[in-house]
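K.L.:
Numbering follows full-length UniProt numbering, in which position 118 of the sequence shown is assigned residue number 118; successive positions increment by one, without gaps.
C-beta atoms are modelled at their ideal positions from N, C-alpha and C, and glycine is treated no differently.
No experiment lies behind these values; they were computed from the predicted model shown.
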Amino acid sequence: MKNKFIIAICAIALSFSIVSCGNSSNAEKKSVSTVTENEKTDKIADNNADEKLITEATKEQKEVIDAFFKCFEVKDYEGMKKYCSDSMLEKEYFHENDVFGMATAKINSYDKGEDAVIYDKDYDEYWIGVNLDVETVEDSALYPDTSTYLYVTVKLIVNEWKITGFTTG
């Protein structure tokens, strides 16, 4: 009789431990699932934070772009260079009689709206959309256009905004 009682108690204890392990395992699975969902949510939030919706260039960004194009209006190509990054100067934008296929360029307006300014997180630079009145050179891909739209790319380098390039998008 004593052996049957011990066996019954062991069976009950074993049943409780199996049920507890099963519940613990399910609890762990739920916990892991919750963590995974939270991580996904955090990752989505981080990605959205990197894709900033910016609809207008800052005052400081506009100042450097305006100064650059003031020089461009009067073909002061050397004066333009002080607003450029070293990497911009290493690119083949500047020629004897033109810059990027344009003899002169004047800002007509800054773009406004959703695509007016794009933040490129890979290069930590901003693409700022501008409408330009231009005088193109004959061998330019833009010739004979008198206006164009492009992005001026700018980057904060040693606490100073510098133009890093141009792109058409």
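#1: Do you know how far the Cα of Y126 is from the Cα of E39?
#2: From the DSSP output, in three-state form, read off S140 for me.
#3: Can you tell me the Cα-Cα spacing of residue 170 and I128, whole angstroms?
#4: Measure from the alpha carbon of T136 to the alpha carbon of each residue in T164, D115, F166 and A105, then state which is nearest.
#5: Mind checking D76: buried by the 16 CB within 10 Å criterion, or exposed?
#6: On a Cα-Cα basis, can you pick out the residue from Y83, A57 and I107 that is closest to Y149?
#7: Against chain D, with Cβ distances strictly below 8 Å, would E96 count as a contact?
P.N.:
Inspection of the coordinates gives the following:
#1: Below a pLDDT of 50, predicted positions are generally treated as unreliable, and E39, at 36, falls in that range; the measurement from the model is reported next regardless. Rounded to the nearest whole angstrom, the CA to CA distance from E39 to Y126 is 29 Å.
#2: In the three-state reduction of the DSSP assignment, S140 falls in the coil class.
#3: The requested residue 170 is not part of the displayed model; the chain covers only 1 to 169.
#4: Considering only alpha carbons, the answer is A105.
#5: The residue is exposed, with fewer than 16 neighbouring Cβ atoms inside 10 Å.
#6: The residue with the shortest Cα to Cα distance from Y149 is I107.
#7: The displayed structure is made up of one protein chain only, and chain D is not part of it.
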